[in-house]
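These notes are about the structure you will find just below.
Residue numbers (our numbering): 4 to 66.
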């Protein structure tokens, strides 16, 4: 969502970390057959954009 991707971590899911410190994580639930999407950013707007990207990604990959 506008920042350069600087790292991808694959422990306990897949976490995409951006240059500005924001991140998006997609992981399977440990108790239900669902995927969970998490994000963190300095602004609520960007966090929501990241969540939207994560949800779209899961629909492309899994449906």
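Even for Gly, the Cβ is constructed at its ideal location relative to N, Cα and C. Remember, it's a predicted structure, so these values are computed and weren't measured experimentally.
- If you ignore the 5 residues before and after residue 32, its C-beta comes within less than 8 Å of the C-beta of 38 and 39, all in its own chain and listed in chain order.
- For residue 37, there is no enclosing beta strand (DSSP E), as DSSP marks it with neither H nor E.
- Beta-bridge partners assigned by DSSP to residue 18: 12 and 28.
- According to DSSP, residue 43 shares a beta bridge with 26.
- Residue nearest to residue 14 within the set 30, 58 and 41 is 30 (criterion: CA-CA distance).
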